[in-house]
Each structure stands twice: as C-alpha cells, then as structure tokens.
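Colleague: Residue numbers (the working numbering), protein chains in the order written: chain V, 11 to 194; chain S, 11 to 194; chain H, 11 to 194; chain X, 11 to 194; chain W, 11 to 194; chain D, 11 to 194. Even glycine gets a Cβ: it sits at the ideal position worked out from N, Cα and C.
6 protein chains.
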Amino acid sequence: MFALRVDQEIELQLFQPHHAAELYWLIDTNRLYLREWLPWVDNMTSPADYQSIIPMWLKQFADNNGFNAGIRYKGHLAGTISLHQIDWRNSQSSIGYYLALHAQGKGIMTRSVQAVLNHAFHDLNLNRVEIRCGAGNKKSRAIPERLGFMQEGWIRDGENLYGAFHDLVVYGMLSREWANRAVK
Amino acid sequence: MFALRVDQEIELQLFQPHHAAELYWLIDTNRLYLREWLPWVDNMTSPADYQSIIPMWLKQFADNNGFNAGIRYKGHLAGTISLHQIDWRNSQSSIGYYLALHAQGKGIMTRSVQAVLNHAFHDLNLNRVEIRCGAGNKKSRAIPERLGFMQEGWIRDGENLYGAFHDLVVYGMLSREWANRAVK
Amino acid sequence: MFALRVDQEIELQLFQPHHAAELYWLIDTNRLYLREWLPWVDNMTSPADYQSIIPMWLKQFADNNGFNAGIRYKGHLAGTISLHQIDWRNSQSSIGYYLALHAQGKGIMTRSVQAVLNHAFHDLNLNRVEIRCGAGNKKSRAIPERLGFMQEGWIRDGENLYGAFHDLVVYGMLSREWANRAVK
Amino acid sequence: MFALRVDQEIELQLFQPHHAAELYWLIDTNRLYLREWLPWVDNMTSPADYQSIIPMWLKQFADNNGFNAGIRYKGHLAGTISLHQIDWRNSQSSIGYYLALHAQGKGIMTRSVQAVLNHAFHDLNLNRVEIRCGAGNKKSRAIPERLGFMQEGWIRDGENLYGAFHDLVVYGMLSREWANRAVK
Amino acid sequence: MFALRVDQEIELQLFQPHHAAELYWLIDTNRLYLREWLPWVDNMTSPADYQSIIPMWLKQFADNNGFNAGIRYKGHLAGTISLHQIDWRNSQSSIGYYLALHAQGKGIMTRSVQAVLNHAFHDLNLNRVEIRCGAGNKKSRAIPERLGFMQEGWIRDGENLYGAFHDLVVYGMLSREWANRAVK
Amino acid sequence: MFALRVDQEIELQLFQPHHAAELYWLIDTNRLYLREWLPWVDNMTSPADYQSIIPMWLKQFADNNGFNAGIRYKGHLAGTISLHQIDWRNSQSSIGYYLALHAQGKGIMTRSVQAVLNHAFHDLNLNRVEIRCGAGNKKSRAIPERLGFMQEGWIRDGENLYGAFHDLVVYGMLSREWANRAVK
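#1: For ASN74 of chain V, tell me which candidate among S:ARG41, S:HIS28 and S:ASN100 has the shortest Cα-Cα distance.
#2: Just to confirm my understanding: we take ARG15 of chain S, look at its own chain, exclude 5 residues before and 5 after, and list those with CB closer than 6 Å. What are they?
#3: Determine whether the Cβ of GLU162 of chain S lies closer than 8 Å to any Cβ atom of chain H.
#4: Take THR90 of chain X as the anchor and find which of X:HIS129, X:ASN78 and X:HIS132 has the nearest alpha-carbon.
#5: Could you tell me the alpha carbon to alpha carbon distance between ALA174 of chain H and GLY80 of chain V, rounded to whole angstroms?
#6: Within 7 Å: the Cβ of LEU68 of chain S and any heavy atom of the ligand PLP?
#7: Does any CB atom of chain S fall closer than 8 Å to the CB of ALA110 of chain V?
#8: Step through the CB atoms of chain X and report whether any lies within less than 8 Å of the CB of LEU184 of chain W.
#9: In the region 103-168 of chain W, which residue ranges form an unbroken beta strand (DSSP E) of at least 3 residues, counting only runs that do not cross its ends?
#10: How is THR197 of chain X classed by DSSP in three states: helix, strand or coil?
#11: Can you give me the C-alpha to C-alpha distance between LEU42 of chain S and SER150 of chain S, rounded to a whole angstrom?
#12: Only counting the same chain, and skipping five residues up and downstream in sequence, which positions put a Cβ closer than 7 Å to that of VAL193 of chain X?
#13: Determine contact between the region 129-142 of chain X and the region 110-117 of chain W, defined as no fewer than three beta-carbon pairs at a distance below 8 Å.
#14: Which stretch, first to last residue, makes up the alpha helix (DSSP H) that contains MET10 of chain W?
#15: Answer with buried or exposed for TYR226 of chain W, where buried requires no fewer than 16 other C-beta atoms within 10 angstroms of its C-beta.
#16: Please confirm if PHE25 of chain S has its CB atom under 8 Å from at least one CB of chain V.
#17: Does GLY80 of chain S have its Cβ less than 8 Å from a Cβ in chain H?
#18: Give me whichever residues DSSP pairs with GLY89 of chain D in a beta bridge.
#19: Could you list which residues in chain X have their beta carbon closer than 7 Å to that of SER101 of chain W, in chain order?
#20: Give the straight-line distance between the Cα atoms of GLU19 of chain W and GLU46 of chain X, rounded to the nearest whole angstrom.
#21: If you check the beta carbons only, do LEU48 of chain S and TYR108 of chain S fall under 8 Å apart?
#22: Is any beta-carbon of chain S found at less than 8 Å from that of VAL51 of chain H?
#23: Kindly indicate which residue of V:TRP164, V:LEU184 and V:ARG186 has the alpha-carbon position closest to the one of HIS176 of chain V.
#24: Residues of chain W with CB under 8 Å from LEU134 of chain D, in chain order?
#25: For a cutoff of 8 Å on Cβ pairs, would you count PHE175 of chain W as touching chain X?
#26: By a C-beta neighbour count over all protein chains shown, 10 Å radius and 16 as the cutoff for buried, is ALA13 of chain W buried or exposed?
#27: So is ASP167 of chain X in contact with chain W if we call contact Cβ pairs under 8 Å?
#28: Helix, strand or coil for GLN23 of chain D? Go by DSSP, reduced to three states.
#29: Secondary structure at MET183 of chain D, three-state DSSP: helix, strand or coil?
#30: How long is the line joining the alpha carbons of ALA125 of chain X and LEU157 of chain X, rounded to whole angstroms?
#31: Quick one: Cα of GLU32 of chain V to Cα of TYR60 of chain V, how far?
#32: Below 8 Å on the Cβ atoms is my guess for PRO65 of chain H versus ALA30 of chain X; work out the distance and round it to an integer in Å.
#33: By the 7 Å beta-carbon criterion, what residues does the region 128-156 of chain W contribute toward chain X?
#34: Assign HIS176 of chain X to one of three DSSP states: helix, strand, or coil.
#35: Assign TRP188 of chain V to buried or exposed, taking buried as 16 or more other Cβ atoms, counted over all protein chains shown, within 10 Å of its Cβ.
#36: Residues of chain H with CB closer than 9 Å to the CB of VAL180 of chain S, please, in chain order.
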C-alpha cells in the first residue's frame with residue numbers, strides 16, 4: 011500500500027504481512043526460472059515462510075537499513091527490489107532484484123533500479139551503490155551495465171548456489187557519476 | 011518516499027528518519043495552533059526529538075501495528091495521520107490526525123481519513139475504526155461526523171492536556187457501514 | 011500469598027506460578043458459565059496454559075502496569091480481578107473481573123472492586139477508572155452501576171466473542187467522585 | 011499493598027514503585043546503624059535510587075525468583091526481608107533482612123523469617139534455606155540460631171564491606187527439620 | 011583454538027561450537043564414571059546438546075563472567091575446567107572440573123586448577139576462589155586439599171543428584187594465601 | 011590469556027576487558043602512524059573506549075562470528091588481527107589487521123595472517139577469505155600479495171577516511187588454493 015511511484019506503469023510497494031500470499035505465488039509460479047540464480051528459492055515452500063520474513067524486512071526498514079519492495083507493473087506484482095543493509099559510516103549500500111519471466115523485456119527493472127538510485131543518492135544521501143550479479147547471469151548483469159555502473163570486481167566463489175560456489179561480479183555507481191549522468 | 015496515494019493532490023507518506031527536520035518545522039510553525047488540542051506539542055523542542063520518535067513509529071509499522079504518515083498536499087507536508095495500535099483480536103483500531111492551519115478548508119483531512127478507512131477495512135480487514143476527539147475540538151469532530159461515524163461515547167476526563175483533564179468524544183465506524191456508504 | 015486484604019472474608023491474592031493448577035481448576039469447573047462472556051475461556055485447556063500466562067501477569071505488575079489477582083473468599087479461590095494496563099499520561103486504567111457461579115450473590119465482587127478502586131485512586135493516584143462490560147451481561151453491568159459509575163459509552167462491535175462481535179458498555183468513575191461517595 | 015500477613019502486628023508487603031520515598035526514609039534515618047553491616051547503604055542517596063531498584067525487585071519476583079518485601083509493624087515500615095535468587099535445580103534459596111534500630115527487641119524479625127520459611131517450604135516446596143550473616147554481626151546471627159538453623163560454614167573474606175573483606179557465617183535449614191520443629 | 015597454556019603437556023582451550031562433537035564424545039565414553047557426581051550427565055544425549063550450550067558458555071565469557079575450557083593433555087581432550095559466575099562486588103568466583111577416567115593419576119587436574127588460580131588472582135584480580143565438591147567425592151576433594159585450600163563449610167543437601175540430595179564441602183583459597191604459597 | 015599460538019615468538023590473544031589499558035596504550039603511542047589508514051583511530055580517546063568495545067568483540071566471538079585478538083610478539087602487544095563477521099551461508103569471511111611501527115619488518119603480520127588462514131580453513135571450514143586494503147596502503151597490501159591472494163577487485167570510494175573517500179583493493183584466497191600452497 012505504501013509505495014514509491016516510478017512512473018505511470020510502475021510502483022515499488024513496501025511489503026507488508028498481508029502481501030505474503032501474493033509474493034509466494036510470484037515465487038511459486040516462477041520457481042524454475044528464479045532458482046537458477048537465487049539461492050533461497052528452494053527454502054520458500056509456503057506463504058507462511060513470507061509471513062515470518064516480511065516482518066524482518068520491515069524491521070530492517072524501521073532501523074533505517076534499507077527496504078524490500080514489490081515491483082508492481084500496471085498494478086500487478088512482477089518482481090521485487092531491495093536496498094540492502096546500509097553502511098552509513100562509508101555512505102554505501104547495494105541493490106538486489108529479480109523479475110518474473112513474463113515481465114521481462116519491458117524495461118521494468120531498469121526503470122525500477124533508476125528510481126532506487128535516485129532515492130539512495132538524493133533522499134538517503136549515499137555516496138556509492140553496489141550491485142552484485144552472478145558472473146554467468148547475463149540478464150542481471152545487463153541492468154548495471156545499461157545504467158552505466160563500473161565493473162569493479164570479480165569475486166571468485168562469491169556465492170553458494172545450492173551447494174556449488176560460483177563467481178560474482180561487482181558493479182559500483184558513485185553519487186557524482188549518477189548526478190552527471192542525469193544531467194545528460 | 012513510500013506513500014499511499016489518496017488522489018491527484020494528496021498522498022500519505024510513511025515517515026522515515028530523513029523527514030525529521032521537515033516534520034519539526036511543521037510543528038514549530040504551527041505550535042500555538044496545534045497545542046490547543048495536542049498534549050505532546052510542548053515536548054517537541056528540536057528536530058532531534060523526531061529523530062528518536064520516527065524509528066519507534068517505523069518499529070510499530072514493522073510490527074503490523076499501524077503507521078504514522080505525513081499528509082502531503084501538492085507535494086508539501088501539511089499534517090499527519092496515523093493508524094494507532096491495532097487490536098487484532100477484536101479487529102479494531104483508531105485514527106489520529108492534525109493539519110497545519112494554512113491547509114485547513116480544502117477537504118484534505120476528510121479525503122485522507124477516507125483513504126485510511128479504505129486501507130483499514132479492505133487491506134487490513136478490520137471490523138471497526140474509532141476516532142477520539144476533544145469534546146470541544148469542533149474542527150476535529152467535524153471529520154468523523156462528516157464521514158458518517160456514529161458517536162458512541164463521551165469519556166469524562168479522558169485526556170490530560172497540559173495539566174488539566176478534558177473530555178473525549180468517541181466515534182465509531184464499522185466495516186459494513188463503510189461498505190454500504192461507499193456504494194451510495 | 012501476597013494479598014490485598016478486602017475485609018474479614020475476602021482477599022485479593024497476586025497470582026504466582028504455583029497457583030496455576032488452582033486457577034485452571036476454577037476455570038475448568040465453571041467453563042460453560044464463564045465462556046458466555048469471556049472470549050479466552052476456550053483457549054485454556056490445561057494448567058500449563060496458566061504456567062505461561064502468570065509470569066506475563068507478574069511482568070506487567072513489575073512494570074507498574076496493573077495486576078491480576080485471585081479473589082479468595084474465606085480462603086478459597088472464587089474468581090479473579092485485574093487492574094489492566096495503566097495509561098499513566100492520562101492517569102487512568104480499567105478493571106476486569108469474573109466470579110465462579112457458586113460464589114455469586116454474596117457481594118464478593120462489589121467489595122473486591124471497591125478495594126481495587128481505593129488502591130487505584132489512593133495508592134496509585136489515578137484520576138479515572140473504567141469498566142467495560144458486554145452489553146448483554148447483566149450481572150457484570152450491575153457492579154459498576156451499584157458502585158455509582160457513570161455510563162459513558164456504548165461501543166458497537168467492541169469485542170469478538172467466539173467469532174461474533176457484540177457491543178460493550180463503557181462505565182467511568184473519577185477520583186473526585188469516588189472521594190465524595192466515600193464521604194457519605 | 012500486596013502483603014503476606016505474618017500475624018496481627020506484622021505483614022510483609024511487596025515493594026512497589028510508590029513505596030520508594032518511604033523506603034528511602036527508612037534507610038536515611040538509620041544510615042549509621044545499617045551501614046555497619048550492609049554494603050550498599052552508602053549507594054542510596056535519594057528516593058530515586060529506589061525508583062530504579064524496586065522495578066528490578068519486581069522483575070525478579072515476576073521471574074519466580076524470590077521477592078523483596080517491606081516489614082510493616084503495626085502499619086509502619088520497620089525493615090525489609092527478601093528471599094534471594096532461587097536455585098530451583100537444587101531446591102534452595104537464601105533469606106536476607108534488616109530492621110530499623112527503633113524496631114529492635116520486639117521479635118519482629120524472628121516472626122518475619124518464620125513466615126518466609128513457611129512460604130519457602132510450603133508454597134514454593136524448597137528443600138533448603140540458607141542465611142548468611144557477617145561473622146561479627148551478633149544481632150543478625152541470633153535470628154537463625156534462635157530458629158534452629160545449623161551453622162554449616164564460615165566463609166573467609168566472604169563479603170566486601172566498604173573496601174574491607176570480612177567473614178560470613180552460613181546457616182542452613184532443611185525442609186524436614188522445619189517440619190519437625192513446627193510439630194513441637 | 012584459543013587456549014591458556016598450562017605447561018608443555020596441558021592447555022585449557024576455550025570451547026567453541028566446532029568442539030561440540032568432541033566434547034560429547036568425551037562425556038559419552040565416560041558416562042557411567044561421570045554421572046556418579048555430575049548432575050547433568052543424563053541430559054546430554056547428543057552433540058546437538060553442546061551446540062546450544064557452548065554459545066551460552068561463550069556468552070558468559072563475553073560478559074566477563076568466567077569461562078568453560080577443555081583440558082587438552084598432549085593435544086587430546088581429557089576433561090573440562092570452568093571458572094563460574096564471578097561475584098565482582100566481592101571479588102570472588104568458584105572453579106568446577108572433571109576428568110575422563112583414562113586421564114586420572116597424571117596430575118592433570120592439579121596443574122590445571124593451579125593455572126586457573128593464577129589467572130583468577132593475577133589477571134582478574136580476584137580475592138577469593140571457592141571449590142565445592144560432593145562430600146563423598148574423594149577424587150574431587152583431593153584437588154583443593156592438595157593445593158592448600160581451607161575447608162570452610164559443609165552444606166547439607168547442597169545438591170540434587172538425580173533425585174537425591176547430597177552434601178557439598180566448601181573449600182576456599184584467598185589471594186594472599188596463594189601468593190604466599192607460590193613464594194615457597 | 012586465551013591465545014592461539016603462531017610460533018615460538020608470536021601468539022594471538024583474545025582481547026578481554028582487562029586488556030583495555032594495554033590496547034589503548036598501543037594505539038595512543040602509534041596514533042599518527044595508524045590514523046593514516048585506520049578510520050577509527052581518532053575515536054579512541056581513553057582506555058574506557060576499549061572497556062566498551064572489547065565486550066562487543068567477545069559477544070561477536072560468542073556468536074561464532076569471528077574474533078579480535080592482540081598480536082603478542084615475545085610477550086608484548088604489537089598489533090591486532092581480526093576475523094570479521096562470518097558469512098556462513100557462503101562460507102566466507104575477511105581479515106583485518108594493523109601493527110605498531112616499532113614491530114614492522116619482522117614478518118610478524120605475515121605469520122599471524124597465515125595462522126588465521128589455517129584456523130579459518132581448517133577449524134571453521136570456510137571456503138574463501140578476503141582482505142581489503144586501502145589502495146595506497148603499500149605495507150598492508152604486501153601481506154596478501156606475499157601470501158598468494160588474488161586481487162579480485164578495486165572498490166572506488168570504498169571507505170570514508172576522516173571525511174574523504176578512498177579506494178579499496180579486494181584480495182581473495184580460496185580454501186583449495188591455500189591447501190595447495192601449503193603443500194609446497
């Protein structure tokens with residue numbers, strides 16, 4: 011219900027407990043697609059799992075430590091986007107996201123990440139935002155690359171995905187770069 | 011940033027820590043006007059007071075126990091509205107609100123309360139919403155009366171206002187009444 | 011063991027964990043009678059339920075936030091009486107109570123509530139005490155009416171009783187009224 | 011207000027926050043007398059100290075872990091008595107106490123300790139109760155000796171009293187001994 | 011891994027979670043021998059029990075409130091030694107220990123207790139250290155007697171051992187005694 | 011007192027509260043040297059600062075989440091080394107360290123990091139260990155380079171050092187690499 015409006019089609023809605031069933035449905039109907047790159051998909055076996063996770067997300071939000079939001083495209087839940095734990099001492103945070111298969115190819119995620127970057131740099135005054143993608147996850151890596159992030163690192167064995175380690179690519183965007191880019 | 015949109019002019023924005031200064035400014039520039047009926051106005055002596063209160067409001071929101079939102083009218087902070095602690099066992103809660111002097115007379119509060127009622131009855135599935143007003147506070151009492159609440163009680167000495175007790179009037183709206191009213 | 015003495019026959023004894031079995035027995039032998047107006051009776055299915063509730067009551071007492079006491083009539087547990095959460099800012103609280111069927115008609119509850127009112131107004135310095143009764147609960151309503159409380163409200167659908175909402179009547183007594191009454 | 015009645019003259023009243031001033035007055039008017047054997051007397055410099063200690067005592071009581079009570083003699087606060095932390099695994103606890111100078115010589119403490127022993131052995135089902143006294147504190151040691159405790163130990167340097175260590179004498183009473191004694 | 015070195019053969023290693031299986035094995039292979047004097051042996055039924063106990067021990071250590079260490083003799087776990095809760099106000103604590111049957115007779119425990127006494131008196135600046143032994147536990151009592159502790163008490167029914175109470179003997183060592191002894 | 015022995019000259023000693031003064035002295039006598047690359051040096055203004063930090067380090071250790079240890083060279087405190095928060099899901103952690111000026115050039119840090127790597131890979135079974143150094147901090151970067159870490163990233167504006175952001179270099183070592191290296 012409480013949402014950050016991206017544009018006429020998209021809004022990013024803070025997850026509240028009454029969204030648990032809808033969010034579970036999104037995961038459950040995209041399970042095979044999402045589990046290729048998301049390590050926690052198999053842990054989600056019923057809406058009740060989100061009944062306990064959503065309050066933790068809201069607690070994180072209440073601690074001024076990022077948020078987890080549903081991406082609503084024309085009113086329907088199409089994916090999620092999060093601003094992870096904020097390192098206030100060093101003015102940085104990172105963004106995570108995923109989109110249902112049927113919602114691909116409409117620029118939804120690019121527009122959503124832009125909105126979160128604006129929020130991070132303007133409202134929260136952060137200096138740097140990071141995105142980490144599986145090295146082989148082309149769709150995910152296309153987002154920061156399209157938005158002008160710089161590739162800053164390649165973390166070997168950075169993530170355990172269902173028992174096997176794979177590499178992560180680190181992308182960074184600085185506040186001053188985003189400001190200059192916006193000017194263009 | 012995360013907001014419930016009421017209509018083209020109004021949105022109800024969850025308070026986050028970076029809103030502390032703006033909220034304090036609203037109180038400080040309406041101090042004499044607001045303190046007539048709000049018992050806590052004198053306690054607010056600097057933006058730092060809201061730096062510690064806003065996280066408690068967000069904690070309450072994270073506990074699925076209501077919210078505190080700024081009323082933005084054409085983008086500017088004009089007042090606040092809250093859904094207080096929720097009595098889930100009995101499916102009820104209460105609404106509190108105030109508006110800056112300069113924003114009076116535009117129907118802002120009536121529209122905002124309507125939106126919160128819709129949220130309470132539809133999203134949260136509550137059965138009853140209460141509003142309590144100072145018995146002598148005509149402007150505040152006009153809201154529930156205009157919206158069709160029933161006057162259910164008159165609590166003698168219900169509130170301590172700067173050392174003196176005054177009476178509170180209790181208004182109630184039931185889910186089925188709101189549904190019927192909305193149909194008209 | 012720690013008790014507030016009402017008179018030669020009655021004392022109000024703070025519940026401690028070793029009272030769990032006795033309190034459960036009271037509920038269990040009055041189950042049909044009590045569940046007509048008490049929404050939690052069906053939840054009490056063994057003494058163990060009170061093993062976990064009594065510490066919460068004592069925690070509330072330790073927080074200076076009311077108490078839960080057994081009403082002992084000639085040494086035997088006959089009912090309970092509680093001073094609910096205290097609203098210290100507004101100097102008010104409310105009283106709840108029930109009595110076993112066999113202990114009715116002896117003035118036990120009237121005397122017990124009087125003692126709690128004395129405690130609330132004299133020891134705790136409260137300004138107002140409220141009693142809420144089911145609108146159809148004649149026995150319960152007779153207590154505040156006999157003691158001179160004023161009927162201040164009628165809350166529609168105020169309580170969920172085993173799936174159905176019913177109305178609550180609100181009674182209020184002010185400190186100055188109680189003082190004057192005591193003089194007579 | 012909630013009290014354990016010892017006899018017609020004495021009751022042991024659970025300390026609540028509204029007793030802070032009275033308890034401080036007791037300490038303050040007996041300061042020189044009490045500090046000879048009580049290590050914490052100098053720390054008590056205003057009623058506010060008890061405002062923060064009493065809630066901790068009540069928390070301990072709520073945790074089923076003993077109590078702190080004022081000894082009221084003919085209605086007036088004359089001293090305190092406590093059942094310390096309870097070792098439930100081994101069914102034992104210890105008792106501590108002190109009496110104002112003016113209340114000495116009336117058997118008040120002997121009767122109070124008897125009542126606490128009855129509570130400990132009968133209500134709480136403990137097997138053993140200990141009393142520890144300063145080795146040179148004759149008045150204090152007279153209590154367990156008069157009540158038939160056995161001297162079980164002499165702890166060298168058992169307590170730090172204002173910078174100097176002194177010895178403690180350990181007295182023990184078992185449930186079966188108390189039962190036999192009560193028979194006589 | 012983090013260990014206090016006693017001498018060339020012995021070190022006292024802080025228990026960490028990855029030691030749970032090894033510690034359980036020690037108990038399990040000495041079960042009959044250890045349960046004669048240790049009341050908790052029967053509660054240990056799988057390594058998982060230590061998975062939850064070891065973090066509590068470490069929490070106690072983090073609170074500057076003693077420690078629990080494995081006694082490693084020539085690299086192998088042979089027993090445990092602990093410095094229990096510390097009474098900082100009175101500068102005292104107590105030591106507990108046990109040794110596997112096969113490791114008896116090598117002076118392991120005497121040397122280990124010496125090292126803990128040095129730590130307690132020199133690093134932690136305690137004034138008194140206590141050891142409590144079952145009155146009939148000759149092997150255990152031999153340690154403080156050999157090290158020059160003074161027998162200070164005999165606590166009747168001091169401990170509940172699988173349903174039966176037995177007596178405890180209290181031994182004490184003072185900092186100044188240990189210093190003098192060390193000089194010899 | 012509890013220490014991980016590196017070799018005959020060096021041990022890594024868990025910080026306990028009684029080390030606060032010694033650790034402060036280390037910082038205070040190396041203040042100018044250390045503050046060039048450590049962002050928190052100016053916050054340390056008295057031993058009391060470490061009195062509150064050390065318990066938090068121990069709490070982290072108790073949570074199985076890394077440690078903070080003093081590097082003792084021939085018995086004297088020469089620097090510190092820490093294993094930071096552990097990401098158990100992905101089996102990785104990071105190491106931080108600093109050395110006093112006078113202790114440079116003896117291979118102390120290289121040997122200490124080797125010992126922590128052995129602990130991380132063998133005792134804790136981690137898969138990856140990271141070291142992050144200021145891009146301009148040659149001495150610090152020499153450690154992972156000498157030990158065969160791979161440079162995996164260059165994080166622009168990765169750290170705020172007294173008001174100015176500077177870049178961090180990320181080095182990574184995998185368990186299998188360390189095992190192979192050790193064989194040589």
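Modeller: Let's see:
#1: The count along the first sequence starts at 1 and reaches residue 74 of chain V at position 64. For the residues S:ARG41, S:HIS28 and S:ASN100, the minimum Cα distance to ASN74 of chain V belongs to S:HIS28.
#2: The sequence position of residue 15 of chain S within the second sequence is 5, counting from 1. Excluding sequence neighbours, ARG15 of chain S sits near GLU21.
#3: Here residue 162 of chain S is taken as the residue at index 152 of the second sequence, counted from 1. Judged by the 8 Å Cβ criterion, GLU162 of chain S is in contact with chain H.
#4: Residue numbering aside, residue 90 of chain X sits at position 80 when the fourth sequence is read from its first letter. It is X:ASN78 whose Cα lies nearest to the Cα of THR90 of chain X.
#5: As a working mapping, residue 174 of chain H is identified with position 164 in the third sequence. As a working mapping, residue 80 of chain V is identified with position 70 in the first sequence. Approximately 35 Å between the Cα atoms of the pair.
#6: The ligand PLP is absent from the structure shown, which contains no ligand whatsoever.
#7: Stepping through the first sequence from its first residue, residue 110 of chain V is reached at position 100. It does not; no Cβ of chain S falls within 8 Å.
#8: Reading the fifth sequence from its first residue, position 174 is the one you call residue 184 of chain W. Closer than 8 Å to some Cβ of chain X, the Cβ of LEU184 of chain W qualifies, so yes.
#9: Runs of the beta strand (DSSP E) lying entirely within the region 103-168 of chain W and spanning at least 3 residues, in chain order: 138-144.
#10: The question about residue 197 of chain X has no answer, for chain X in this structure spans 11 to 194.
#11: Translated into positions along the second sequence, residue 42 of chain S becomes position 32. Translated into positions along the second sequence, residue 150 of chain S becomes position 140. Approximately 16 Å between the Cα atoms of the pair.
#12: For the purposes of this step, residue 193 of chain X is taken as the residue at position 183 of the fourth sequence. Reliability of the predicted coordinates at VAL193 of chain X is poor, the pLDDT of 49 falling under 50, and no value is obtained from them.
#13: no
#14: No answer is possible for residue 10 of chain W: the residues shown for chain W start at 11 and end at 194.
#15: This structure cannot settle anything about residue 226 of chain W, because the visible part of chain W is limited to 11 through 194.
#16: Residue numbering aside, residue 25 of chain S sits at position 15 when the second sequence is read from its first letter. PHE25 of chain S does not count as touching chain V.
#17: Mapped onto the second sequence, residue 80 of chain S falls at position 70. No - not a single Cβ of chain H is within 8 Å of the one on GLY80 of chain S.
#18: Counting from 1 along the sixth sequence, the entry for residue 89 of chain D is found at position 79. DSSP, once it has assigned bridges, lists D:ILE81 and D:LEU109 as partnering GLY89 of chain D.
#19: Position 91 of the fifth sequence, counted from the first residue, corresponds to residue 101 of chain W. What SER101 of chain W touches in chain X: ASN170.
#20: Taking the first residue of the fifth sequence as 1, we reach residue 19 of chain W at position 9. Taking the first residue of the fourth sequence as 1, we reach residue 46 of chain X at position 36. Taking the straight line joining both Cα atoms gives about 50 Å.
#21: Residue numbering aside, residue 48 of chain S sits at position 38 when the second sequence is read from its first letter. Residue numbering aside, residue 108 of chain S sits at position 98 when the second sequence is read from its first letter. Yes, the Cβ-Cβ distance between LEU48 of chain S and TYR108 of chain S is below 8 Å.
#22: The residue labelled residue 51 of chain H in the question sits at position 41 within the third sequence. Chain S, which has no Cβ nearer than 8 Å to the Cβ of VAL51 of chain H, makes this no.
#23: The sequence position of residue 176 of chain V within the first sequence is 166, counting from 1. Of the candidates V:TRP164, V:LEU184 and V:ARG186, the one whose C-alpha sits nearest the C-alpha of HIS176 of chain V is V:TRP164.
#24: Against the sixth sequence, residue 134 of chain D aligns to sequence position 124. Neighbours of LEU134 of chain D on chain W, chain order: HIS28.
#25: Sequence index remark: in the fifth sequence, residue 175 of chain W carries index 165 (1-based). For PHE175 of chain W, the nearest CB of chain X lies under 8 Å from its own CB, placing it at the interface with that chain.
#26: Here residue 13 of chain W refers to the residue found at position 3 of the fifth sequence. The residue is buried, with at least 16 neighbouring Cβ atoms inside 10 Å.
#27: Indexing the fourth sequence from 1 puts residue 167 of chain X at position 157. Output row for ASP167 of chain X: interface = yes.
#28: By 1-based counting over the sixth sequence, the position of residue 23 of chain D is 13. Strand, per DSSP.
#29: Taking the sixth sequence and counting its residues from 1, the one referred to as residue 183 of chain D is at position 173. MET183 of chain D: strand per DSSP, three-state reduction.
#30: The residue you call residue 125 of chain X lines up with position 115 of the fourth sequence. The residue you call residue 157 of chain X lines up with position 147 of the fourth sequence. Between ALA125 of chain X and LEU157 of chain X, the C-alpha separation is close to 12 Å.
#31: On the first sequence, residue 32 of chain V is found 22 positions in, with the first residue counted as 1. On the first sequence, residue 60 of chain V is found 50 positions in, with the first residue counted as 1. Computed Cα separation, rounded: 10 Å.
#32: One-based indexing of the third sequence puts residue 65 of chain H at position 55. One-based indexing of the fourth sequence puts residue 30 of chain X at position 20. At roughly 24 Å, the Cβ-Cβ gap does not stay under 8 Å, so PRO65 of chain H and ALA30 of chain X are not in contact.
#33: ASN137 and ARG138
#34: The sequence position of residue 176 of chain X within the fourth sequence is 166, counting from 1. Strand.
#35: On the first sequence, residue 188 of chain V is found 178 positions in, with the first residue counted as 1. Result: buried.
#36: If you number the second sequence from 1, residue 180 of chain S lands on position 170. Near VAL180 of chain S (Cβ distances below 9 Å), the residues of chain H are GLU162, GLY163, ILE165 and VAL180.
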